[in-house]
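What follows is a short report on a single structure.
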């Protein structure tokens with residue numbers, strides 16, 4: 001339940017809420033991922049075309065297979081997380097740094 005909302009942070013930019021309110025999504029950032037709706041970029045002919053600002057967040061995961069990389073997408077209006085794959089030289093997504101828990105050693 002509410003997987004997407006657990007990754008989204010209730011952030012404001014210039015006084016405006018970045019994630020709109022949707023009844024199906026409870027933005028609580030319970031997982032501490034702090035995703036903001038920055039969209040993604042497509043790279044073609046050395047040009048970047050950015051899409052989805054204020055609509056969804058896309059971030060790379062640590063999973064890779066040759067030239068393909070996996071990413072997650074979180075949409076403002078959907079409580080689910082979507083997983084996709086893209087060529088790492090033609091797709092631009094946010095990078096989330098994950099730190100190991102030092103006390104687990």
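Residue numbers (our numbering): 1 to 105. All C-beta atoms, glycine included, are put in the ideal place defined by N, C-alpha and C. Predicted model only: the values in this text are computed from it and were never measured.
- With fewer than 16 other Cβ atoms inside 10 Å of its own Cβ, residue 15 counts as exposed.
- Annotation: residue 61 to residue 69 spans about 8 Å, alpha carbon to alpha carbon.
- The bridge partners DSSP lists for residue 35 are 8.
- Residue 42 sits close to residue 91, with the two beta carbons spaced by under 8 Å.
- For residue 15, the three-state secondary structure derived from DSSP is coil.
- Residue 54 and residue 44 have their C-alpha atoms some 23 Å from each other.
- Closest in C-alpha terms to residue 30, from the list 85, 39, 7 and 52, comes 7.
- For residue 24 against residue 73, the beta-carbon gap comes to about 16 Å, at or over 8 Å, which does not count as contact.
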